[in-house]
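Going by full-length UniProt numbering, the final residue of the sequence shown carries number 287, and the count climbs one at a time with no gaps. Backbone N, C-alpha and C define an ideal beta-carbon position, used for all residues, glycine too. This structure is a prediction, so every number in the text was calculated from the model and none was measured. One structure is given here, and the rest of the page talks about it.
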Amino acid sequence: MTTSKAASKVWFITGASRGFGLEIVKAALAAGDKVVAAVRGETEQLAGRLENDPNLFVTRLDVTDENQAKEAAGQAVDRFGRIDVLVNNAGYGLLSAVEEATGEEVKRNFEVNVFGLLNVTRAVLPIMREQRSGHVINISSVGGLSAYAGWGIYGSTKFAVEGLTEALALELAPLGIYATVVAPGFFRTEFLDTTSLTRTANVIDDYADTVGEMRSFATQVNKKQPGDPVKLAHAFIRLAHADRPPVHLLLGTDTLARYNEKTANLQQDNEAWYDVITGTDHDDVAQ
């Protein structure tokens with residue numbers, strides 16, 4: 001991995017009022033970069049917390065509103081002249097068995113985590129295409145690489161982010177624009193607090209040994225997760241300033257272990273079912 005020593009960058013970060021978003025804002029400002037911090041709530045509050053840094057512009061944005069996304073992107077260009085790094089961070093968790101979640105709960109999770117990400121991406125990409133430069137960084141999750149009981153709906157939104165980012169990386173490369181999907185493991189943020197995590201009211205007793213255990217675990221592990229959000233933010237600075245950023249970046253030893261476990265299990269299944277896998281081609285192409 002090589003890191004560029006180029007001029008300062010302009011960041012556009014969603015979900016910037018707390019958690020990963022806030023730490024990345026702080027790290028980017030400390031690195032001498034300029035930051036457009038998009039928040040759903042009051043803009044003055046975040047600006048004040050960051051001492052009204054002249055390199056910071058705070059704008060209000062509900063990512064589910066595409067018109068707001070376009071307006072915020074325009075404000076970013078008006079203020080700083082360009083957007084070099086988009087961090088699609090806004091999102092929330094839904095803890096629920098797949099069967100327990102209502103249709104509205106599922107739609108809302110996708111509305112924010114997937115369609116909201118797309119709204120902001122569509123708003124920013126015309127700017128990057130005109131520049132012929134930029135870097136789209138989408139935040140996924142270890143749950144977007146490998147499923148967990150109780151996180152099926154939320155994980156599926158992050159699986160979608162993984163696939164979207166892989167396609168973006170292919171489509172944007174000829175235009176001088178990079179795309180990276182970052183998959184953090186369990187980090188010590190507000191993610192498991194009631195302000196960030198939705199739990200379904202519908203609870204089915206038959207899932208007590210799986211999803212029920214996960215509900216208990218989520219309560220017990222809150223604020224005890226292994227990952228350090230400050231260190232994650234520093235990793236984002238390295239990523240954004242890298243000459244050749246990766247398409248995938250796993251963050252956390254827990255994420256790496258989960259990925260290795262999944263790929264090993266997949267390889268075992270491929271070997272066990274090799275004759276079935278390779279036996280479905282037409283006879284005229286089978287070797």
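Would you identify the three-state DSSP class for residue 248, choosing helix, strand or coil?
Working through the sequence shown from its first residue, we reach residue 248 at position 248. Here residue 248 sits in strand by DSSP.
Once DSSP output is grouped into helix, strand and coil, what is the label at residue 135?
The residue labelled residue 135 in the question sits at position 135 within the sequence shown. DSSP places residue 135 in strand when its eight states are reduced to three.
For residue 24, does the three-state DSSP call read helix, strand or coil?
Looking up residue 24 in the sequence shown gives position 24. The answer is helix: DSSP assigns residue 24 an H, G or I state.
Here's a check: name, in chain order, each residue in its chain whose Cβ is nearer than 6 Å to the Cβ of residue 117, leaving out the five neighbours to either side.
Taking the first residue of the sequence shown as position 1, residue 117 is located at position 117. Around residue 117: 88.
Straight-line CA distance for residue 122 to residue 149?
As a first step, residue 122 is located in the sequence shown; it is residue number 122 there, counting from the start. As a first step, residue 149 is located in the sequence shown; it is residue number 149 there, counting from the start. Those two C-alpha atoms are separated by around 32 Å.
Does the beta-carbon of residue 100 have 16 or more other beta-carbons within 10 angstroms, so that it is buried, or is it exposed?
As a first step, residue 100 is located in the sequence shown; it is residue number 100 there, counting from the start. So residue 100 ends up on the buried side.
How many Å lie between residue 185 and residue 157 at the Cα?
Working through the sequence shown from its first residue, we reach residue 185 at position 185. Working through the sequence shown from its first residue, we reach residue 157 at position 157. Rounded to the nearest angstrom, the two C-alpha atoms are 16 Å apart.
Under three-state DSSP, which class holds residue 270?
Walking along the sequence shown from the start, residue 270 turns up at place 270. Correct three-state label for residue 270: helix.
So, is residue 272 buried or exposed, given that buried needs 16 or more other C-beta atoms within 10 angstroms?
Mapped onto the sequence shown, residue 272 falls at position 272. It counts as exposed.
Quick test of your reading: residue 259 and residue 141, contact by CB under 8 Å. State the CB separation rounded to the nearest angstrom.
The residue labelled residue 259 in the question sits at position 259 within the sequence shown. The residue labelled residue 141 in the question sits at position 141 within the sequence shown. Not a contact, Cβ separation roughly 12 Å.
In terms of alpha-carbon separation, which member of 14, 27, 130 and 8 lies closest to residue 233?
Working through the sequence shown from its first residue, we reach residue 233 at position 233. Nearest option by C-alpha distance: 27.
How long is the line joining the alpha carbons of residue 193 and residue 247, rounded to whole angstroms?
The sequence position of residue 193 within the sequence shown is 193, counting from 1. The sequence position of residue 247 within the sequence shown is 247, counting from 1. Any answer about residue 193 is weak, because its pLDDT of 49 lies below 50 and its placement is not dependable; what the coordinates show is given next. Their backbone Cα atoms lie some 30 Å apart in a straight line.
Would you report the Cα separation of residue 83 and residue 92, rounded to the nearest angstrom?
Looking up residue 83 in the sequence shown gives position 83. Looking up residue 92 in the sequence shown gives position 92. If I take the Cα positions, the gap works out to 25 Å.
What are the residues that DSSP puts in a beta bridge with residue 96?
Counting from one through the sequence shown, the residue named residue 96 turns up at place 96. Answer is 151.
For residue 58, which of 65, 40, 70 and 64 has the nearest alpha-carbon?
Indexing the sequence shown from 1 puts residue 58 at position 58. Out of 65, 40, 70 and 64, 40 has the C-alpha closest to the C-alpha of residue 58.
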